[in-house]
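One structure is given below, encoded as C-alpha cells.
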Amino acid sequence: MSTVITREGAMRYGTAGRLAQGLVLLVAAGTLTGCGLSGGNTGQVCADTKKAFQQYVSQVRTVPANDPAQWKQATDRFAGRVDGLARQAEDEKLKNALRTEATRLRGAAAGVGTGDAAQLNAVMTDAPNRIGAACD
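Following this line, the structure appears as C-alpha cells:
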C-alpha cells in the first residue's frame, strides 16, 4: 500500500508531517555518527552528508503536503547534493553508498512528485544507516 500525498490524505493521515518527523528522528538519532572514523576526506564528507540530511529535513517540513511538485523539487535537489558529495568522497565505499542513495532519491522524487511518498519514506528510512555504515 502506498502513501499518497493529497490534501485530504495529508489532513486525515498527516503523511507529510509523519514523514518529516521520521526524517528528523533519523537524523537526530545520530545514524551518521560513525562519520569520520576512516581516513582521507571521509570525515568531512560524512559531516557534510549529515548536514545535507538536516537541511533537507528542515526544507521538507515547510513544504505543504498538498504540493507534490515542491516535494519532488526538494527531493531532486537533495539527490543532487548527495551526488555531489559522492564525487567529493575519496573512499570508494562511501562514494558508492552516496551514489546509490542519490539514485534511490531520484527514483523516490518521481513518486513523490505524483503524490506517492512510500518510496521516499523507504529511502529515508534506510539511507542514514546505509551511509552511516560507509562512514564507519
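Each number in our numbering comes from the position in the sequence shown (counting from 1) with 9 added on.
C-beta: ideal position from N, C-alpha, C; glycine also.
Output needed for residue i: all residues of its chain with C-beta closer than 8 Å, excluding positions within five of it in sequence on either side, in chain order.
i: residue 94; result: 54, 57, 58, 61 and 107
Less than 6 Å between C-beta atoms, sequence neighbours within five positions excluded: which residues of the same chain meet that for residue i?
i: residue 99; result: 49 and 50
i: residue 97; result: 54
Are the CB atoms of residue i and residue j nearer to each other than 8 Å?
i: residue 7; j: residue 115; result: This structure does not reach residue 7, given that the chain is present from 10 up to 145, and the question cannot be answered.
i: residue 103; j: residue 117; result: no
i: residue 121; j: residue 80; result: yes
i: residue 139; j: residue 110; result: yes
i: residue 77; j: residue 123; result: yes
Between residue i and the ligand NAP, is there a pair consisting of the residue's CB and a ligand heavy atom that are separated by less than 7 Å?
i: residue 70; result: The ligand NAP is absent from the structure shown, which contains no ligands of any kind.
Residues in its own chain within less than 7 Å of residue i by CB, not counting five upstream and five downstream?
i: residue 143; result: 102, 103 and 106
**OP:** Taking only runs that begin and end inside the region 75-129, name each unbroken alpha helix (DSSP H) of 4 or more residues, in chain order.
**Re:** 77-97 and 101-122
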